[in-house]
Amino acid sequence: MNYSEIEKKWNSHWSKTDAYSVSINSSKPKYYCLDMFPYPSGSGLHVGHPLGYIATDVVSRFKRLQGYNVLHCMGFDSFGLPAEQYAIETGQHPKKTTNKNITMFKSQLDRMGLSLDPKREIRTSSPDYYRWTQWIFCQLFDSWYDFTENIAKPINYLIQLFELNGSNGINSSGVTQFSRHEWEAFNEKERLDILMEYRLAYLSSALVNWCPKLGTVLANDEVINGYSERGGFPVERKSMKQWMLRITAYSDRLLDNLHKLDFPKSLKELQRNWIGKSKGVAVNFKVHGVQNHIEVFTSRVETICGVTFLAVSPESPLVDEFTTPDRVNAVTEFLSLNSKRSERDRLADLNNTNGVFTGSWVINPINGKQVPVWVADYVIATYGTGAVMAVPAHDDRDRRFANKYGLEQVTVIDESNTLVNSLEFTGMKTFLGKKNILNKLLKANICNEKTTYKMRDAVFGRQRYWGEPIPVYYDDGIPKLVPVSELPVVLPEVENYKPTSTGQPPLGHAADWLFKGKYPYELSTMPGWAGSSWYFLRYMEPDCNTEIASRNSSDYWASVDLYMGGSEHATGHLLYSRFWNMFLYDLGCVSFEEPFKKIVNQGMIEGKSALIHRVVGENKYVSSDISDNYVTSQIHISSDLVDGSTVLVDKLRAWRVDFLDSEFIFNGDTFLCEHKIEKMSKSKHNVTNPNDVISVYGADVFRMYEMYLGPITQSKPWSISGIDGLSRFLKRFISIYQTETGISKVVQEAPTQSELELLHVAIKKVSEDIEKLNHNTAIAALMICVNGLIKEKCHKCEILTPLAIIASPFIVYVTQELWVGALKQTGNIFEQALPIFNEAHFKKVNYCYPISINGKVRANITFDLDASEESVTPLVLENEKVKKWIADKPVKKVILVKGKIVNVVI
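Anchor point for the sequence shown: position 895 equals 895 in UniProt numbering, and the numbering is continuous, going up by one each time.
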């Protein structure tokens, strides 16, 4: 069978007949199976990318066989940094490179036998798509959050409340207090500023992660160890006026709903920690010598007698306020160094805490002691009050800081969980002590109970070109929304789209880009995650011109039943998507609060990298087995340039010009490299193109091999060495249907019991394993069945027809070819009904026997059902639980009742 020919044949047929197109069918239950759509990068897909795509395709095909109406689509996350950086690196316009890369991606995906509905393809960079991304922004701008009713409401309703009672009685994010008469007296700019305190999309000055090289602001999850995740460029903290989204309004709902969702435990924990809800108290520490105080948040007020210093965030305005003249230079120098580290890095780097003394002292309100005020990099400005009371005897971070700077440490809780060194509270258990200390502080009006969150509002503006224009224009400096009827605001063509290190957005180069020909547009664009925060809704009705998707479509398809993608998106895309969907639910656009019922994080397929040692500072390379004699760094090279561990130096010189004149230091006559199993990446030269594998082995073998490598959720190394076994299996599979020349072997004869047993064991095992996403063991079950049928010399239609159907989720093209060829059936095999498991044909091989000792069950042991009493007896008596109950008593007899129980009489 020529795999390449049948793949082309069936791809063409399925494309012409719209075989994978779906529509609403109320007579069938729906199943929505979703992949995280890819960035169309210039390097194309490598064999690691299809792992999730093939896994969900197997599930989608299986669900169709079960009678579900399956929505399974693919699109492209084509706006944002990855696409733009590739365009800059290649000197081409992002629109051109994006379209070219999408064409390449689609050509690769088309060869994998994926059952995707082509008519539902979306691209986040298409104006027809981002019209609705802009529409959602407009709704966020025109909404506020009512914390009393826990729902987003129109901003016009808020204005009505202001006109009636001012800010009185409104439980929301606003901080400015005013009366009805004051609201009436405010001018337009003053009213705008007040409303910005409430809007879910708002302008605000904020400390951001600024990357001069990328020329844009980055989210916290896009910064690693002080460098941009994309490109590895230095990042600094900087105050800038930015568009923000008030995701914090939804903190409690995002947190409370987690228990209802079928997400990996690790993903839930990441989101809980990211949101970081903490209940405690805000305590006022009076500044020594002046009529002022610092408010600090603590969740452990019982330790207040152990406070030996106050730690203030480097970004807090308190720093300027409390730095004494003699400490200005030292504090300024520290702040400059600290600005190069992101909040995330500072929190993650537990062993590297740094700070500086401000020169000020405060008074501990509980015991009257003076404690110094320090600036500390482990304190975050937007968490709590931006200042913490440091208790080094009972907090690891505080302890590390105190050890480094020689600060006092006072123990206030002993090993028996009792308060010590705590004034009149000494001797109390911590629970009681906490209650009494809190009451004392509350009575003195020194503290108030408070709930804080680690999560901050999301920065929504990027000073880049390749993104959705923010639908805002400015009238005399006042931001106003572009009317919904005027959307989309189309991204204009510019000659110079490259970012600037000054922060001036490239859209500033767009000549005459004005609303109504006179009002300047907002020049920042939306971040890369904007379009991906709702794309799962657009798949439901991608051609809808009146709304995101009609309620008829969204009510039918509803929440995604299975969403598969990488765990790296836990605190980015997966949180933003939940936020946006909740907001649209509040607006009544969708009938479901959560977008994803079940999420599975697939593991990575890792590549085998080859690395050589370069002598630091010199154009010399040294064989890895003698590299310890030099100071070296490691350089990735193509695996095509090595034979085993031996580097083919002549080929290496010809590979890249920078190796041409390099000096290579051999050990004797060999030059060795090192190997490393790591994430596949073009920069590491360890990628394998799936097209190369498919061209040699065919798509069906490739699909099976990806699934057979191991459990979906685990990472595993790619090695072509194991694929030959799957290739041989497919040939054996074909051999029970037809001869090598394509003549059918299928006969119309009644199957034997053993043949029926082989089939129904496979039906049961494959079905159960696909449901559990154990695709590797499902394939193993098919292998066992095929091997058994070959041994039985079975070519019977009654066996081979259902076998082809249960194999079809994995073996797409060959089963379809056999379906219409050897089996002489019509239609598409993936449209058939899943064969029904028949218990009557299933012979149990093992049985878990209860072990009864003198009439009482004391253990359970699994034996072969065919095992005899003689073979079972020693195994029972050697069992640890049985030995415990028998002790030294003599055993009179062991009685085996097959398929029921083992009785031991002592």
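We treat Cβ as the ideally placed atom computed from N, Cα and C, and that holds for glycine.
Here the alpha carbon of residue 485 sits roughly 12 Å from the alpha carbon of residue 545.
Note on the stretch 711-776: whole alpha helix (DSSP H) runs with a minimum of 4 residues are 723-735 and 753-771, in chain order. Residues of the same chain with a CB within less than 8 Å of the CB of residue 734, apart from the 5 flanking positions on each side, are 1, 814 and 818 in chain order.
Contact between the stretch 418-435 and the stretch 262-272 is absent, with fewer than three C-beta pairs closer than 8 Å.
The alpha carbon of residue 691 has as its nearest neighbour, out of 20, 47, 15 and 684, the alpha carbon of 47. The three-state secondary structure of residue 565, taken from DSSP, is strand. Taking the C-beta atoms as reference points, residue 440 is found no nearer than 7 Å to residue 282. Taken in chain order, the whole alpha helix (DSSP H) runs of length 4 or more contained in the stretch 615-657 are 649-655. Just measuring C-alpha positions, the residue of 601, 600, 585 and 602 sitting nearest residue 594 is 585.
Within the UniProt domain "Leucyl-tRNA synthetase editing" (272-419), the beta strand (DSSP E) runs of at least 3 residues that lie entirely inside it are, in chain order, 278-287, 293-298, 309-312, 355-363, 370-376 and 387-390. Taking a 10 Å sphere around the C-beta of residue 499, we find 16 or more other C-beta atoms and assign the residue as buried. Less than 7 Å divides the Cβ of residue 881 from the Cβ of residue 859. When only Cα atoms are considered, residue 73 and residue 183 end up about 50 Å apart. In terms of CA proximity to residue 883, 904 leads the group 871, 900 and 904. Cβ contact annotation for residue 360 (same chain, cutoff 8 Å, sequence separation greater than five): 287, 288, 322, 323, 324, 372 and 373, in chain order. For residue 531, the secondary structure class from DSSP, reduced to helix, strand or coil, is helix. It is roughly 12 Å from the alpha-carbon of residue 124 to the alpha-carbon of residue 95. For residue 143, the beta-bridge partners assigned by DSSP are 154. When 716, 696 and 712 are compared, the shortest CA-CA separation from residue 726 is found for 696. In the DSSP assignment, residue 705 falls within the unbroken alpha helix (DSSP H) covering 699-708.
Burial is judged here by how many other beta carbons sit within 10 angstroms of a residue's own beta carbon; residue 97 has at least 16 and is buried. Nearest in C-alpha terms to residue 567, of all of 712, 493, 362 and 425, is 712. DSSP links residue 540 through a beta bridge to no other residue. As computed with DSSP, residue 14 is found in no beta bridge at all. Looking at the DSSP output, residue 161 shares a beta bridge with no other residue. Residue environment analysis places residue 164 among the exposed positions, since fewer than 16 neighbouring C-beta atoms fall within 10 angstroms of its C-beta. Taking C-beta separations shorter than 6 Å and ignoring five residues to either side along the sequence, the partners of residue 341 in its chain run 226, following chain order. The beta carbon of residue 131 lies closer than 8 Å to those of 487 and 488 in the same chain, with the five residues before and after it left out. In this structure, 86 is the residue among 800, 86, 455 and 651 with its C-alpha nearest to the C-alpha of residue 682. Counting C-beta pairs closer than 8 Å gives fewer than three between the stretch 552-567 and the stretch 515-529, which falls short of the contact rule. Sequence-distant Cβ neighbours of residue 757 in its own chain, meaning closer than 8 Å and more than five residues away, are 841, 842 and 843.
In this structure, the beta-carbon distance from residue 502 to residue 462 does not fall below 7 Å. In the DSSP annotation of this structure, the continuous segment of the alpha helix (DSSP H) that includes residue 188 starts and ends at 188-196.
When C-beta atoms of the stretch 113-121 are compared with those of the stretch 222-241, fewer than three pairs fall below 8 Å, so the two segments do not count as touching. Of 356, 505 and 21, the smallest CA-CA separation from residue 332 is found for 356. In this structure, the CA atom of residue 787 is about 10 Å from the CA atom of residue 793.
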